[in-house]
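Presented below is the structure to which this report refers.
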Amino acid sequence: MKKNTKIRHAGIFFFWEYIEGMTLSRYGSVTHLTSETITEIAAELVNIMKLLHEPKPVIIHPDIKTKNIINRNISDSLYVIIYPFFDLLLYNTII
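First residue of the sequence shown? That's 112 in the numbering used here, and the numbers climb one at a time after it.
Listed below in C-alpha cells is the structure:
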C-alpha cells in the first residue's frame with residue numbers, strides 16, 4: 112500500500128508538539144530501571160492504550176515500540192508518538 116504524503120482536505124490538519132524528553136529505549140539504556148519503575152511504566156502504557164482504544168472507531172497504532180514512546184524529563188509522564196500518521200489516515204482512523 113502506498114502512503115499518500117500529499118493529503119489535501121479541508122477537514123484534516125496536522126499539528127506537531129515538541130516533547131522534551133527521551134525515548135523509552137534511550138531512557139532504559141541510560142537509567143537503571145528497577146522492577147518497581149518497570150511496573151509503573153507498564154501500568155502507564157496500559158492506561159495510554161486504553162485511551163487509544165476508547166473512541167469509536169478506535170485509534171490503531173501500527174508501530175508501538177520503545178522508540179515511539181517519549182518519557183518527559185520534567186514530569187516522568189509517557190507520551191506515545193502516533194507515527195506513521197499517514198498509515199492511520201489510510202485506515203480511516205479518526206484522531
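Every residue, glycine too, gets a C-beta built ideally from N, C-alpha and C.
Since the model is a prediction, treat every value here as computed from it, not as a measurement.
N-terminal and C-terminal residue of the alpha helix (DSSP H) that residue i is part of
i, result
"N182", "Where N182 is concerned, there is no enclosing alpha helix (DSSP H), although the beta strand (DSSP E) it sits in stretches over I180 to R183."
"T177", "Element bounds for T177: n/a, residue is neither H nor E."
Nonlocal neighbours in the same chain, by C-beta distance under 8 Å from residue i, ignoring five residues either side
i, result
"V141", "M133"
"L135", "I152, T177, K178, I180, I181, N182 and L189"
When the options are compared against residue i, the one with the closest alpha-carbon
i, options, result
"S188", "A153, T145 and H164", "A153"
"K178", "R137, H143 and E165", "R137"
"F156", "P166, H172 and Y129", "Here residue 156 turns out to be Leu, not Phe, going by the sequence shown. Checked all of P166, H172 and Y129; the closest Cα to L156 is H172."
"E139", "I149, P166 and I130", "Glu is not the amino acid found at residue 139; the sequence shown has Gly there. Comparing Cα positions, the closest option is I149."
"D174", "E165, M160 and P166", "M160"
Range covered by the beta strand (DSSP E) that runs through residue i
i, result
"T134", "G132 to T134"
6 Å CB neighbourhood of residue i in its chain, flanking five on each side removed
i, result
"H143", "none"
Proximity of residue i and residue j at Cβ, strictly below 8 Å
i, j, result
"L162", "V169", "no"
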